[in-house]
Every structure is written in structure tokens, then in C-alpha cells.
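Student: Residue numbers (full-length UniProt numbering): 1 to 318.
Glycine is no exception: its CB is placed at the ideal position from the N, C-alpha and C atoms.
One structure is given below, represented as C-alpha cells, and several questions about it will come after.
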């Protein structure tokens with residue numbers, strides 16, 4: 001029987017991997033400091049801090065490690081927490097793999113190392129992170145690459161996911177759906193903001209396609225090649241799921257003015273962060289060059305993904 005260890009097993013993407021592997025009869029160890037939202041009898045759950053795995057013992061051979069463990073909400077954490085968890089965690093996972101002679105690691109990085117900008121970015125674009133999260137993920141990638149180079153038998157897959165959505169996400173797309181369910185949506189200054197995205201099941205498909213190549217190292221952007229605009233995303237929701245929703249536009253200068261005001265408010269420790277305002281009008285124009293060049297056809301696109309999500313959650317998009 002194949003056996004995998006999933007670090008950060010209580011997280012969003014990991015929870016979908018766990019369901020996939022249960023269905024395939026794969027033995028799963030889920031390691032996380034947090035309790036899972038749902039427990040499965042078939043899974044062995046281990047409560048452990050990824051920052052120090054010296055005392056972690058799994059008494060059987062592991063075929064593959066999936067490293068999903070991270071502090072990722074930004075803004076939302078003190079700067080040191082991104083480095084402590086994301087970098088120390090990468091070190092610990094790689095050391096655990098060395099001690100246990102585990103030859104394969106899958107690591108979820110982020111598109112944050114590319115930094116902000118309207119220009120299209122692919123896997124060959126320079127990394128210019130401007131946040132602690134982005135820097136920590138860039139450094140974590142390097143740590144995993146050092147592990148790869150230690151042994152010619154090692155295999156490493158690094159994915160830089162764009163916005164991942166689907167059941168259990170609780171993030172950007174869930175908030176969009178919640179607003180539209182109330183009957184309205186407000187464009188924050190512009191409609192043409194590019195928001196690269198991918199459905200969680202399609203991301204898993206892409207990761208497994210990368211694992212299946214003959215190369216011992218693959219790095220790719222996890223996103224649909226279409227790079228949908230915010231308007232296209234809203235219209236896709238409207239077309240089949242929220243046909244009566246009303247849309248409005250707040251002028252860009254109002255959004256920018258609010259960001260400046262919130263900069264002062266945040267200085268006074270009221271707790272509203274201006275970076276969240278600016279994120280609304282910044283594109284994440286990320287292109288999945290590796291997927292396209294290798295002719296990896298994803299199972300769906302934005303429209304079919306929303307249909308699957310609606311079906312799996314009885315139209316709740318939660």
C-alpha cells in the first residue's frame with residue numbers, strides 16, 4: 001500500500017488531497033498543529049508543530065511528503081511568524097525526509113514571490129517579493145531545492161498556486177459568492193483586474209501531472225491559462241448562479257483615498273489594514289507556462305469549476 005505524509009493536513013488543499021487518497025486506498029498521515037475540520041477513520045492524525053519535527057516518528061516507509069504547512073494570510077501575522085513557520089518548517093520537513101530516507105517531496109509555494117505588478121508573469125519571471133510572506137516562500141523554495149540536490153534519487157515538485165477556490169476555501173471566492181447572494185456586488189475601482197485562479201481539484205490534477213514526468217524537478221504556476229478578469233469572474237457567477245445580482249462601481253480614486261485613510265487608521269492600531277484595500281485593485285497576472293508548454297489539459301475551467309462547486313455544496317459556495 002502506498003503511504004504519504006501530509007504536513008499542514010488540516011488546511012484547505014490538503015483536505016481535498018486526503019479525500020482523494022482515501023478514495024484511492026492510499027494510507028495517509030496528516031500532521032498539523034491544528035485540529036482538522038473533519039476527521040476520517042482511514043487517516044492517521046498527528047498533532048505536531050512543523051517548525052520542529054525532531055521528535056516525530058512514523059514507523060513505516062513513506063513514499064511521498066506533501067508540504068502544505070504555512071502561515072499564509074497576509075496581512076494578518078507579525079513579520080517574524082511568516083519566517084519562523086515557512087522557513088523553519090521547510091527546514092524541518094526536509095530534515096525529516098533525510099532522516100527517514102523519503103525520496104519525494106511536493107511543496108506548495110505561492111505566486112507572492114513574483115511580487116505585485118500588472119505585467120504577465122510566468123515561471124521564468126524574476127522573483128521580486130515585497131512582503132514577508134513572499135520572501136519566506138521564496139526562501140522555502142530554495143531550502144527544498146537544496147534537499148533535492150543532495151541526492152540524485154530525490155524528486156521535488158514545487159507549485160506556485162494562484163487563487164485557489166472550492167469547497168472549504170473560506171477565502172476570496174467564498175466572500176464574492178456571499179456578497180452576491182445578498183443581491184449585489186461592488187467593483188472596487190476597476191473591472192479589469194486580472195485574478196489568476198484555479199479550482200482546487202484542477203490544481204491537484206496539475207500537481208499530479210507534474211509528479212508523473214520523468215524529471216526529478218518540476219516547478220509550475222497553478223492557474224488556468226485564461227487569467228480571468230474580476231468582471232469575467234463576476235459574470236460567470238451571475239450567468240448560472242446569481243442571475244439577479246446588481247453590480248455597482250466605486251471610483252478608483254475613492255478606493256485609493258480609502259487606502260490612504262486606512263493607513264492612518266492602522267497606525268492608530270484600529271486593526272483595519274490598508275493592504276487589503278490595495279489588493280482589490282491589483283492584478284495577479286500569472287500565466288501557467290509549464291502547463292501550457294507540456295500540453296497539460298486541466299479537467300475544467302472557471303465556468304465548469306463553479307458548477308462543480310455549486311453541486312458539491314448545494315449552491316452555498318462554502
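Could you check where the alpha helix (DSSP H) with residue 310 kicks off and where it finishes?
Tutor: 302 to 312 is the span of the alpha helix (DSSP H), which, as asked, contains residue 310.
Student: Grab me the residues of residue 184's own chain with a C-beta within less than 8 Å of its C-beta, minus the 5 sequence neighbours each way, in chain order.
Tutor: The residues are 245, 246, 247 and 248.
Student: State yes or no: is the C-beta of residue 207 within less than 8 Å of the C-beta of residue 162?
Tutor: Result no, Cβ atoms of residue 207 and residue 162 do not sit closer than 8 Å.
Student: How long is the line joining the alpha carbons of residue 127 and residue 160, rounded to whole angstroms?
Tutor: Rounded to whole angstroms, residue 127 to residue 160 spans 12 Å at the Cα level.
Student: Helix, strand or coil, according to DSSP, for residue 86 in the structure here?
Tutor: Helix, per DSSP.
Student: Is it the case that the Cβ atoms of residue 45 and residue 55 are separated by a distance below 8 Å?
Tutor: No, the Cβ-Cβ distance between residue 45 and residue 55 is not below 8 Å.
Student: Less than 8 Å between the C-beta atoms of residue 137 and residue 286, yes or no?
Tutor: The answer is no: Cβ separation not under 8 Å.
Student: Leaving aside the five residues before and after residue 188 along the sequence, list all residues of the same chain whose C-beta is less than 7 Å from its C-beta, in chain order.
Tutor: These residues qualify, in order along the chain: 250, 255, 280 and 281.
Student: Who does residue 6 pair with in a DSSP beta bridge?
Tutor: The partner list for residue 6 (beta bridge, DSSP) reads 30 and 66.
Student: State buried or exposed for residue 34, treating a residue as buried only when at least 16 other CB atoms are found within 10 Å of its CB.
Tutor: With fewer than 16 other Cβ atoms within 10 Å, it is exposed.
Student: Is it right to say residue 326 is buried, meaning 16 or more other beta carbons lie within 10 angstroms of its own, or is it exposed?
Tutor: Residue 326 lies beyond the stretch modelled for the chain, which goes from 1 to 318, so this question has no answer here.
Student: With distance defined between alpha-carbon atoms, name the residue in 145, 47 and 288 nearest to residue 7.
Tutor: When only C-alpha atoms are compared, the closest one is 47.
Student: Residues in its own chain within less than 8 Å of residue 231 by CB, not counting five upstream and five downstream?
Tutor: Taken in chain order, the residues that qualify are 187, 191 and 192.
Student: Give the DSSP-derived three-state secondary structure of residue 199 in the structure shown.
Tutor: In the structure shown, residue 199 sits in a strand (DSSP, three-state: E or B).
Student: In three-state DSSP terms, what is residue 246?
Tutor: Three-state DSSP puts residue 246 in a strand.
Student: Leaving out five residues before and five after residue 270 in sequence, what residues of the same chain have Cβ atoms less than 7 Å from its Cβ?
Tutor: Per-residue confidence for residue 270 stands at a pLDDT of 43, beneath the threshold of 50, marking its modelled position as unreliable; the derived number appears in the next sentence. None.
Student: With a threshold of 16 other CB atoms inside 10 Å of the CB of residue 202, please say whether the residue is buried or exposed.
Tutor: Buried.
Student: Pick from 23, 50 and 2: whose alpha carbon is nearest that of residue 9?
Tutor: For the residues 23, 50 and 2, the minimum Cα distance to residue 9 belongs to 50.
Student: Does DSSP put residue 172 in a helix, a strand or coil?
Tutor: In this structure, residue 172 counts as helix in the three-state DSSP scheme.
Student: Quick one: what does DSSP say residue 58 is sitting in, helix, strand or coil?
Tutor: Three-state result, residue 58: coil.
Student: Of all the options 306, 236, 210 and 233, which has the alpha carbon lying nearest to the alpha carbon of residue 289?
Tutor: Minimum Cα distance to residue 289 is reached at 210.
Student: So is residue 41 buried or exposed if we call it buried at 16+ other beta carbons inside 10 Å?
Tutor: Exposed, by the Cβ-count rule.
Student: Based on DSSP bridge pairs, tell me the residues matched to residue 187.
Tutor: 249, per the DSSP bridge assignment.
Student: Can you list, in chain order, the residues of its chain with a C-beta nearer than 7 Å to that of residue 125? Leave out the 5 residues immediately preceding and following it.
Tutor: Around residue 125: 114.
Student: With DSSP run on the structure shown, which of helix, strand or coil describes residue 282?
Tutor: Here residue 282 sits in coil by DSSP.
Student: With the cut-off set at 8 Å, would you say residue 12 and residue 134 are in Cβ contact?
Tutor: No, they are not a contact pair.
Student: What is the rounded straight-line gap between the Cα of residue 165 and the Cα of residue 181?
Tutor: The straight-line gap from Cα to Cα measures roughly 17 Å.
Student: Could you tell me the boundaries of the alpha helix (DSSP H) in which residue 117 lies?
Tutor: First-last for residue 117: 117 to 121, but that is the beta strand (DSSP E), not the alpha helix (DSSP H).
Student: Quick one, which of 102, 88, 83 and 36 has its alpha-carbon nearest residue 65's?
Tutor: Per the Cα distances, 102.
Student: Helix or strand or just coil, what does DSSP make of residue 17?
Tutor: Reduced to three states, the DSSP call for residue 17 is helix.
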